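The numbering used here numbers the first residue of the sequence shown as 1 and each following residue consecutively. The C-beta atom is built at its ideal place from N, Cα and C for all residues, glycine as well. Remember, it's a predicted structure, so these values are computed and weren't measured experimentally. Data block below; observations after.
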Amino acid sequence: MKPPVVERRYLVAFALTSTLFFAWGLASQFNDLLLHHFQKALDLTRTQASLTQFAFYIGYFCAPLPAAMIIRRVGYKKTMVTGLAMYAIGAFLFVPAAHMRVYGIFLVALYIIAFGAAFLETSANPYIAIMGAPETASPRLNFAQAFNGVATVLGPLVGGYVIFSGVEYTPAQLAAMTPQAVDQWRAGEAAAVGLPYLVLGILMVVIAAAIALTRYPPLRDEVTPQGARSPLSVLKRPRVLYAVVAQFFYVGAQVGTWSLLVDFSQEAAHVPERTGATVYLFATMVAFCVGRFSGAWLQRFMVPARQLALYCACNIALCVAAATLGGFPSIYAMVATSFFMSIMFPTIFALGLEGLGHETEFAASFIVMAISGAAVVPPLMSIIADHMGALHWSLFFPALCYLVVLSFAVMAPRLGRVAP
Numbered sequence: 001m002k003p004p005v006v007e008r009r010y011l012v013a014f015a016l017t018s019t020l021f022f023a024w025g026l027a028s029q030f031n032d033l034l035l036h037h038f039q040k041a042l043d044l045t046r047t048q049a050s051l052t053q054f055a056f057y058i059g060y061f062c063a064p065l066p067a068a069m070i071i072r073r074v075g076y077k078k079t080m081v082t083g084l085a086m087y088a089i090g091a092f093l094f095v096p097a098a099h100m101r102v103y104g105i106f107l108v109a110l111y112i113i114a115f116g117a118a119f120l121e122t123s124a125n126p127y128i129a130i131m132g133a134p135e136t137a138s139p140r141l142n143f144a145q146a147f148n149g150v151a152t153v154l155g156p157l158v159g160g161y162v163i164f165s166g167v168e169y170t171p172a173q174l175a176a177m178t179p180q181a182v183d184q185w186r187a188g189e190a191a192a193v194g195l196p197y198l199v200l201g202i203l204m205v206v207i208a209a210a211i212a213l214t215r216y217p218p219l220r221d222e223v224t225p226q227g228a229r230s231p232l233s234v235l236k237r238p239r240v241l242y243a244v245v246a247q248f249f250y251v252g253a254q255v256g257t258w259s260l261l262v263d264f265s266q267e268a269a270h271v272p273e274r275t276g277a278t279v280y281l282f283a284t285m286v287a288f289c290v291g292r293f294s295g296a297w298l299q300r301f302m303v304p305a306r307q308l309a310l311y312c313a314c315n316i317a318l319c320v321a322a323a324t325l326g327g328f329p330s331i332y333a334m335v336a337t338s339f340f341m342s343i344m345f346p347t348i349f350a351l352g353l354e355g356l357g358h359e360t361e362f363a364a365s366f367i368v369m370a371i372s373g374a375a376v377v378p379p380l381m382s383i384i385a386d387h388m389g390a391l392h393w394s395l396f397f398p399a400l401c402y403l404v405v406l407s408f409a410v411m412a413p414r415l416g417r418v419a420p
């Protein structure tokens, strides 16, 4: 008889921890909207605006190792609460930044949010993976990550209406307006981001209080953080090292695709920004959410590594189609990639953590650090688009990223857990 995906004694802890997947999903989705919004609110080029992604995801590179050390000292639960506190502080900083219209303050706030979110990912992902039987780790993590998928649906829907005003001007129209009128318009656009992030900060405080007041059951002795080995020693395990590389390229491809979708929709089919955010970006996240739930269910019957390989192959084909078809078919292909990317993050994570015991939190920290791929790939895609004069050329880059993940999916079952 197969063990349950979530044991009864862990149900409350699983439910509360799963809200964290929703929390960092909202931050990520709002960040994708900012890439386009800051171009008009702060008069930035696409490359300058892509620094929002860099600031956000460089936080993911800096935070995981400190988070792993804190986990080893105080445990998973207190690390989660610490991450939520930092997340809330960064969100609250958006209120003064929105009124001052200083891009640097926005970037600092995004870095703090990301630092806190990385604490959440470094603690929540391995906690979910190791709270039950090892053979159910991947479907359990995919199911928890499905709540991240819910955030990806709500983020563009809510953010698209709250952040985007729907008021757009062509360069010629802006040139015909008085400087005062242009400044007033940009001020209104910048102020629109204050309220959503204020609400986000309050939500983080509420979740932190709920987790702090709830008793988490103890973990099994063989996976309880302990010992004083060097964090780098875990990278001697080839499966962990390959998982870090695969996660770097996967997250870069995911964020690069999502962050450019609104602009790509405008270029490919002259879709207005609000329609791009509330229709096509929303459809993208629905596909992602459906893929997460269905993917978690399929892993009860399908070997996770094989499913990962199949989904990577599908996305390579879809990225090439999006880059070459043009018009609405290219948008549909770009949207469809989200269904197949849905299981990639948790499946790579679970495969990378398999059989690590006391070293789980350090391996998790390196895999979370790989999320910094989103600080590298989207700017590269923007540079390619600016250099070539068209966004569709940049879509060949994520196809190459999925090829790297495909190689991991094929090799993971064959990789020894400890380097010779």
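With a cutoff of 8 Å on beta-carbon distance, M334 and L406 are scored as not near each other. Going by C-alpha positions, A133 is about 11 Å away from L219. For the pair P156 and R140, the Cα-to-Cα distance works out to about 26 Å.
Rounded to whole angstroms, the separation of the alpha carbons of H37 and S294 is 33 Å. For V303, the secondary structure class from DSSP, reduced to helix, strand or coil, is coil. When Cβ pairs closer than 8 Å are counted between the two stretches, the region 199 to 216 is seen to touch the region 83 to 95, the count reaching three or more. Cα atoms of P179 and A191: separation of roughly 18 Å, rounded to the nearest angstrom. Within the model, the alpha-carbon separation for F248 versus I371 is close to 6 Å. Between the region 389 to 399 and the region 66 to 81 there are fewer than three C-beta pairs closer than 8 Å, too few to call the two in contact. Counting the other Cβ atoms within 10 Å of the Cβ of M369 gives 16 or more, which makes it buried. By the criterion of at least three beta-carbon pairs nearer than 8 Å, the region 307 to 327 is not in contact with the region 109 to 126. Within the same chain, and ignoring the five residues on either side of I89 in sequence, the residues whose Cβ sits closer than 7 Å to its Cβ are I112.
Excluding residues up to 5 positions away in sequence, Q53, Y57, V251, G252, V255 lie with their Cβ nearer than 7 Å to the Cβ of A374 in the same chain. For P3, the closest of A117, F22, A137, R101 by C-alpha to C-alpha distance is A137. Nearest to I348 by alpha-carbon distance, out of A305, I383, A212, C314, is A305.
Secondary structure note for W258: its alpha helix (DSSP H) is the uninterrupted segment 238 to 259. Distance from the CA of M131 to the CA of L298, rounded to the nearest whole angstrom, comes to 21 Å. Nearest to F119 by C-alpha distance, out of G149, V108, A68, is A68. Assignment of Y216 by DSSP, reduced to helix, strand and coil, places it in the coil class. For T284 against N315, the beta-carbon gap comes to about 13 Å, at or over 8 Å, which does not count as contact. Look at D183 here: in three-state DSSP terms it is helix. Annotated as proximal: A144 and F21, with beta-carbon spacing under 8 Å.
Looking at E135, V162, A350, P196, the one whose alpha-carbon comes closest to that of E7 is E135.
The continuous stretches of alpha helix (DSSP H) do not include I371, and DSSP gives it neither H nor E. The alpha-carbon separation between I163 and A13 amounts to approximately 33 Å.
When the beta-carbon positions are compared, A269 and F328 come within less than 8 Å of each other. Taking a C-beta distance under 8 Å as the contact criterion, A409 and L325 do not qualify as a contact pair.
If the five residues before and after L174 are omitted, its C-beta is found closer than 8 Å to the C-beta atoms of V182, all from its own chain and listed in chain order.
In terms of Cα proximity to F339, the closest of W258, R73, L380 is W258. Following the DSSP letters along the chain, one finds E359 in no alpha helix (DSSP H), marked with neither H nor E. Taking C-beta separations shorter than 7 Å and ignoring five residues to either side along the sequence, the partners of A49 in its chain run L35, F38, Q39, following chain order.
In the structure shown, the three-state DSSP call for T17 is helix. Under the three-state reduction of DSSP, I112 is assigned to helix. Of N142, F61, F282, the smallest CA-CA separation from S342 is found for N142. Residue environment for F106: buried (at least 16 other C-beta atoms within 10 angstroms of its C-beta). Excluding the 5 residues flanking it on each side, V376 has same chain C-beta neighbours closer than 7 Å at G252, in chain order.
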